[in-house]
Amino acid sequence: MSLSKKNKEALLNPLSINNPVTVQVLGICSALAVTAQLEPALVMGLSVTVIVAIANVVISLMRNTIPNRIRIIVQLVVVATLVTIVSEVLKAFAYDVSVQLSVYVGLIITNCILMGRLEAFAMQNGPWASFLDGIGNGLGYAKILVIVAFFRELLGSGTLFGFNILNYDAIQEAGYINNGLMLMPPMALIICACIIWWQRAHNKDLQEK
Amino acid sequence: MDLLSLLVRSIFVDNMIFAFFLGMCSYLAVSKSVKTALGLGLAVTFVLVVTLPVNYLLQTKVLAAEGILGIDLTFLSFILFIAVIAGIVQLVEMVVEKFAPSLYASLGIFLPLIAVNCAIMGASLFMQQRIGLEPTDPKAITGIGSAIVYALGSGIGWLLAIVALAAIREKMAYSNVPPALRGLGITFIVVGLMAMSFMCFSGLKL
Numbered sequence: 094m095s096l097s098k099k100n101k102e103a104l105l106n107p108l109s110i111n112n113p114v115t116v117q118v119l120g121i122c123s124a125l126a127v128t129a130q131l132e133p134a135l136v137m138g139l140s141v142t143v144i145v146a147i148a149n150v151v152i153s154l155m156r157n158t159i160p161n162r163i164r165i166i167v168q169l170v171v172v173a174t175l176v177t178i179v180s181e182v183l184k185a186f187a188y189d190v191s192v193q194l195s196v197y198v199g200l201i202i203t204n205c206i207l208m209g210r211l212e213a214f215a216m217q218n219g220p221w222a223s224f225l226d227g228i229g230n231g232l233g234y235a236k237i238l239v240i241v242a243f244f245r246e247l248l249g250s251g252t253l254f255g256f257n258i259l260n261y262d263a264i265q266e267a268g269y270i271n272n273g274l275m276l277m278p279p280m281a282l283i284i285c286a287c288i289i290w291w292q293r294a295h296n297k298d299l300q301e302k
Numbered sequence: 004m005d006l007l008s009l010l011v012r013s014i015f016v017d018n019m020i021f022a023f024f025l026g027m028c029s030y031l032a033v034s035k036s037v038k039t040a041l042g043l044g045l046a047v048t049f050v051l052v053v054t055l056p057v058n059y060l061l062q063t064k065v066l067a068a069e070g071i072l073g074i075d076l077t078f079l080s081f082i083l084f085i086a087v088i089a090g091i092v093q094l095v096e097m098v099v100e101k102f103a104p105s106l107y108a109s110l111g112i113f114l115p116l117i118a119v120n121c122a123i124m125g126a127s128l129f130m131q132q133r134i135g136l137e138p139t140d141p142k143a144i145t146g147i148g149s150a151i152v153y154a155l156g157s158g159i160g161w162l163l164a165i166v167a168l169a170a171i172r173e174k175m176a177y178s179n180v181p182p183a184l185r186g187l188g189i190t191f192i193v194v195g196l197m198a199m200s201f202m203c204f205s206g207l208k209l
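Chains as they are written, first to last, in the numbering used here: chain P, 94 to 302; chain G, 4 to 209.
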């Protein structure tokens with residue numbers, strides 16, 4: 094199935110030049126907090142993708158019947174319901190990860206990506222385009238999470254998805270030590286800053302005056 | 004003494020911004036001038052102090068298995084917490100508009116946006132986790148008093164963080180930052196360095 098040009102943009106732009114985290118500056122809270130290891134970061138990214146996509150479709154279907162004054166409350170209730178479902182599913186099928194994610198699953202409700210996309214896109218567009226926009230933004234968010242988590246887990250604990258990569262005697266004896274600071278909150282901010290730096294150095298249009 | 008310890012811990016050690024990254028979106032967006040940062044910080048603190056005790060009572064008296072309904076309804080906590088927060092923010096907005104129009108005008112759009120500030124929802128969810136802790140744990144929230152103290156501490160911590168960043172960004176306007184890092188990038192690095200300095204509080208004991 095081929096996509097129209099507009100739908101293709103809705104799907105692909107958030108992955109690169111209109112990334113929700115590095116360009117739109119949305120949803121930073123959870124993006125930084127869950128990235129000490131790859132597995133929770135990936136689960137978080139996929140959860141957000143599913144929730145944004147479904148919430149976008151639901152709000153898009155209801156967009157003509159929602160009274161303008163109470164639209165924020167309606168959006169919050171839709172999102173909170175979806176987040177509750179995802180949280181219960183995670184507890185049932187991936188309990189360890191849901192413990193690691195702790196409050197950040199619940200905080201998807203207040204994740205600005207959701208409210209931002211619902212307000213900016215789903216309220217004006219049809220369900221199919223909104224679905225693609227949701228998937229695109231969710232994956233754009235997941236992409237940043239996975240990149241940050243990759244560096245933090247590899248350099249911080251020497252593992253990837255919990256598998257040993259760097260913790261061998263030969264490497265340790267050569268003088269390599271895991272950098273514990275990478276697991277601390279500040280380094281998430283600095284790695285994210287480096288991604289922004291790299292992206293803006295390659296794409297001059299995004300630079301701020 | 005326990006309450007004082009909880010207050011100091013929630014301001015410095017468990018700082019909403021530097022330890023948990025909660026409320027980052029408005030933190031980055033509104034920290035361009037000290038004056039608006041101060042206004043938003045005070046509003047966040049106020050909303051925290053009002054909503055957290057309400058959610059605490061809701062959690063312990065209604066949703067928990069030993070509450071008045073006798074059924075474990077904690078899976079409903081997300082919806083109820085966000086409804087309480089959105090409702091109270093709406094109420095605060097109406098009260099401020101009626102009795103302090105000048106403050107209302109200066110806060111503008113930020114007041115209704117507090118409803119979707121992660122710091123408010125995050126504090127309620129952390130409170131929910133901390134109820135189950137042993138009473139000897141310094142993080143435990145054992146009653147309505149400690150819930151209010153925790154809300155106050157978290158709010159002050161957030162206020163401190165946003166005012167400090169706004170002050171740095173006001174000075175930074177005069178410095179020569181590489182073009183690709185200008186704006187968002189350098190702000191992230193500054194927040195990272197501030198978070199590192201806040202890590203030195205992590206062993207704090209009272």
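The C-beta atom is built at its ideal place from N, Cα and C for all residues, glycine as well.
Since this is a predicted model, take the numbers as computed values, not measurements.
Inter-residue spacing [alpha-carbon to alpha-carbon] between residue i and residue j
i	j	result
Val151/P	Asp262/P	54 Å
Asn161/P	Gly219/P	17 Å
Phe244/P	Ala124/P	14 Å
Leu299/P	Gly249/P	31 Å
Arg12/G	Lys98/P	53 Å
Leu154/P	Ile165/P	16 Å
Val170/P	Arg293/P	36 Å
Ser195/P	Trp291/P	31 Å
Leu225/P	Leu10/G	45 Å
Thr115/P	Arg210/P	15 Å
Ser178/G	Val166/G	19 Å
Leu276/P	Ile289/P	20 Å
Ala150/G	Tyr269/P	45 Å
Met94/P	Leu108/P	With a pLDDT of 49 at Met94/P, under the threshold of 50, the modelled position of this residue cannot be trusted, and the question is left open.
Ala108/G	Leu136/G	42 Å
Val52/G	Gly44/G	12 Å
Helix, strand or coil at residue i [DSSP, three-state]
i	result
Leu135/P	helix
Phe224/P	helix
Ala281/P	helix
Asn120/G	coil
Phe256/P	strand
Asp5/G	helix
Gly249/P	helix
Phe201/G	helix
Proximity winner among the options, relative to residue i (alpha-carbon distances)
i	options	result
Val194/G	Leu163/G, Asp75/G and Thr139/G	Leu163/G
Asn100/P	Ile165/P, Gly229/P and Val179/P	Gly229/P
Ile201/P	Ala103/G, Ala108/G, Lys101/G and Ile123/G	Ile123/G
Arg172/G	Asp17/G, Val37/G, Ser29/G and Ile14/G	Val37/G
Ala89/G	Thr63/G, Leu116/G and Leu61/G	Leu116/G
Ala146/P	Leu175/P, Thr203/P and Leu282/P	Leu175/P
Met216/G	Ser205/G, Gly206/G and Ala198/G	Outside the modelled stretch of chain G, which goes from 4 to 209, sits residue 216/G, for which no answer is possible.
Phe24/G	Gln132/G, Cys121/G, Val152/G and Val95/G	Cys121/G
Ser8/G	Ala176/G, Met202/G and Leu155/G	Leu155/G
Contact list for residue i against chain P, beta-carbon separation under 8 Å
i	result
Asn120/G	Thr203
Interface partners of residue i on chain G, CB under 8 Å
i	result
Leu125/P	Phe24 and Met27
Partner residues on chain C for residue i, Cβ-Cβ distance less than 9 Å
i	result
Gln217/P	Looking at the structure shown, chain C is missing, and the protein chains on hand are P and G.
Proximal residues of chain G, C-beta to C-beta of residue i below 9 Å
i	result
Pro113/P	Neighbours of Pro113/P on chain G: none; closest Cβ ~11 Å, over 9 Å.
Thr174/P	Phe81 and Ile82
Proximal residues of chain P, C-beta to C-beta of residue i below 7 Å
i	result
Pro182/G	Gln300
Val194/G	Leu282
Gly125/G	Val196 and Leu200
Closer than 7 Å: residue i CB and nearest the ligand GDP heavy atom
i	result
Pro181/G	The ligand GDP is not part of this structure, which contains no ligands at all.
Residues that residue i contacts on chain G, provided the C-beta gap is smaller than 7 Å
i	result
Trp290/P	Ala183, Leu184 and Gly188
Amino acids of chain P, ordered along the chain, whose beta-carbon sits closer than 9 Å to that of residue i
i	result
Gln132/G	Ser195 and Val196
task: Check each residue of the stretch 88 to 100 of chain G: if its Cβ is closer than 7 Å to any Cβ of chain P, include it; give the result in chain order.
output: Under the 7 Å Cβ criterion, the stretch 88 to 100 of chain G contributes Ala89.
query: Which residues, in order along the stretch 73 to 89 of chain G, keep a beta-carbon less than 7 Å from a beta-carbon of chain P?
result: Residues Phe78, Phe81, Ile82, Ile85 and Ala89.
- prompt: If you measure beta-carbon to beta-carbon, which residues of the stretch 144 to 155 of chain P are closer than 7 Å to chain G?
  reply: none
query: Listed in chain order, which residues of the stretch 236 to 254 of chain P have Cβ atoms closer than 9 Å to some Cβ of chain G?
result: none
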